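Using our numbering, the first residue of the sequence shown is number 11, and each one after it goes up by one.
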Amino acid sequence: MKVLVLNCGSSSIKYKLYDDDQQLAEGLLEKIGTAQAQLNHTVSGQKKTVSVHEILEHRAGIELILNVLQDPEKGVVKDIEEIQAVGHRVVHGAESFSESTLITPEVIAKIEECIDIAPLHNPPNLAGIYAISQLLPQVPQVAVFDTAFHQTMPDKAFVYAIPYVFYTRDHIRKYGFHGTSHYFVAHEAATMLGRPIDELKLITCHLGNGSSVAAVDRGKSVDTSMGFTPLEGLPMGTRSGDIDPAVPLYIMDKEELNLQQINALLNKHSGVLGISGISNDFRTLEDEAAKGDKRAALALEVFCYRLKKYIGSYIAAMNGVDAIVFTGGIGENSDVVRDMVASDMEFLGVQLDADKNRAKERGKAADISKASSRVKVLVIPTNEELVIARDTRRIVSET
Ligand code: ADP
């Protein structure tokens with residue numbers, strides 16, 4: 011079955027077209043809303059092509075993508091009707107969705123209700139859904155939620171210690187994100203370890219521009235570091251992560267910042283960029299730290315120390331761990347970060363193999379712990395789009 015996977019952001023659309031598990035093409039349309047929108051399109055096994063277009067909104071962007079997919083030269087299908095289903099990444103499903111679901115008018119209404127708590131993310135996701143409803147009205151669509159995997163968290167993990175009415179009335183609680191990635195690498199880890207997932211305690215670290223860590227007990231998420239929004243938890247490229255809640259109040263008062271300004275400060279100017287003053291890119295930070303830049307080194311140390319503490323706390327929460335999994339752009343590629351996080355944890359049964367860690371090949375899964383390590387340390391490339399394609403296929407076949 012040919013399934014188109016769409017990930018619509020505020021000014022970009024990422025897409026992948028699958029035939030069952032085989033990827034036929036992928037691409038990224040950026041700078042939507044301008045006359046210089048750039049489409050990077052790659053047919054699997056071929057070179058990337060780049061083109062520039064005036065694309066003012068998501069529907070026009072999706073129309074362009076559908077045209078490229080059936081283009082006689084750059085395309086991979088003869089007719090767009092070959093696409094049998096579309097799977098959408100939807101960021102926030104709140105408590106309404108604990109699994110992927112076929113998109114119906116009722117489902118759309120519920121996703122619209124979540125806009126209140128995900129004002130940045132759900133509107134572009136919905137724009138993609140509306141566009142497909144108009145452009146491919148006969149094609150079934152499926153929503154796959156970033157929050158769904160974490161809906162198994164017990165209330166002691168997701169309730170914030172503020173007046174309870176804010177949970178019951180306003181739905182303020184920890185939701186967690188990156189669920190599709192945590193789910194995927196947890197299952198891949200079980201396969202690598204050759205054990206059923208319902209016997210395993212895993213800690214999955216998704217480290218990219220946004221980073222989160224999850225405690226996965228016998229296949230179920232029981233805790234995760236992101237919260238009501240993706241700002242909680244680990245320090246990230248440009249996001250502060252956990253912080254004394256009094257700090258933003260103090261800064262707002264002292265610097266006379268309004269809500270928008272403090273929001274921008276915590277989301278766009280903080281994290282490792284804020285500490286280093288140089289970059290949110292871990293490659294740059296590693297290079298500068300190696301050349302002696304103290305703040306770049308400090309940014310890396312803060313990030314790794316905080317992740318190490320999350321891992322320790324999740325080992326305590328689950329009363330043990332069988333494997334720690336690294337994924338995402340940083341987790342998959344930075345031996346420096348993996349080394350700083352997973353060394354000096356022998357007391358907890360974690361023995362990193364420094365040579366295996368350094369020698370890990372790009373794009374491949376690997377076990378980087380010593381043979382004697384009670385807790386395995388794994389690096390597993392994530393593939394959120396594949397999960398979306400598989401869920402879409404399964405749900406559409408069942409209906
Ligand atoms: P997103 O969260 O947007 O999907 P990615 O998972 O692609 O992001 O991760 C992007 C991050 O991965 C960037 O901070 C980048 O610096 C980092 N990264 C990519 N390759 C390396 C590398 N070789 N070493 C260190 N960091 C890397």
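All residues carry an ideal CB built from backbone N, CA and C; glycine is no exception.
This structure is a prediction, so every number in the text was calculated from the model and none was measured.
Rounded separation between residue i and residue j - CA only
i, j, result
"D227", "K211", "5 Å"
"G247", "L34", "31 Å"
"K318", "G359", "14 Å"
"L259", "I172", "16 Å"
"A119", "S280", "34 Å"
"V154", "P255", "31 Å"
"E67", "L39", "11 Å"
"K84", "A70", "18 Å"
"V62", "V78", "13 Å"
"D297", "E242", "27 Å"
"E36", "V53", "7 Å"
"Q161", "F168", "9 Å"
"E116", "Y174", "28 Å"
"P147", "I93", "12 Å"
"R99", "K366", "34 Å"
"Y324", "D291", "27 Å"
"H131", "C124", "10 Å"
Selection from the options that minimises the alpha carbon distance to residue i
i, options, result
"K88", "A95, Q80 and Q94", "Q80"
"I23", "D29, K12, L76 and Q56", "L76"
"I42", "E64, A369 and P391", "E64"
"N343", "K386, R293, D363 and D354", "R293"
"K230", "P245, P240, P206 and S250", "P206"
"V310", "S323, L283 and V331", "Here the sequence assigns Leu to residue 310, which means Val is not the residue at that position. Closest option to L310, Cα to Cα, is L283."
"R179", "N268, V346 and D126", "D126"
"I90", "L27, L130 and N132", "L27"
"Y140", "D263, T114 and S407", "T114"
"V335", "G55, I213 and V351", "I213"
"N17", "E265, T44, I72 and L295", "I72"
"H197", "N132, L396, I142 and V406", "L396"
"R372", "T337, M163 and D165", "T337"
"D165", "N367, F176, R183 and K366", "R183"
Neighbourhood of residue i by C-beta, 8 Å cutoff - its chain only, sequence neighbours within 5 removed
i, result
"R305", "I285, S286, G287 and I288"
"T157", "V101, H102, G103, A104, F107, Y185, G186, F187 and G189"
"R400", "D31"
"S353", "L362 and A364"
Identity of the residues DSSP links to residue i by a beta bridge
i, result
"S61", "L49"
"I334", "I213 and V387"
"L14", "L27 and V96"
"D233", "A225"
"D377", "L388"
"Q32", "D29"
"T111", "A153"
Cβ-based neighbour list, residue i, same chain, cut-off 6 Å, excluding 5 preceding and 5 following
i, result
"A376", "K370 and V389"
"S191", "H216, T392 and E394"
"S221", "L244 and M246"
"G339", "G218"
"A224", "H192, T214, S231 and T234"
"T402", "V13, A95, G97 and V152"
"M328", "K211, A225 and D227"
"M262", "I272"
Spatial neighbours of residue i in its chain, beta-carbon cut-off 7 Å, leaving aside the 5 residues before and after
i, result
"A307", "A299"
"E122", "L136"
"K386", "L203, D332, A333, D377 and S379"
"N277", "L241, T248 and R249"
"T59", "H51 and K84"
"Y177", "V169 and R183"
Would you mind listing the beta strand (DSSP E) stretches within the region 132 to 204 that are 3+ residues and don't spill past its ends, in chain order? 151 to 155
Considering only residues of the region 296 to 364, which uninterrupted beta strand (DSSP E) runs meet the minimum length of 3 residues and lie entirely inside it, listed in chain order? Within the region 296 to 364, the complete beta strand (DSSP E) runs of at least 3 residues are 333 to 337.
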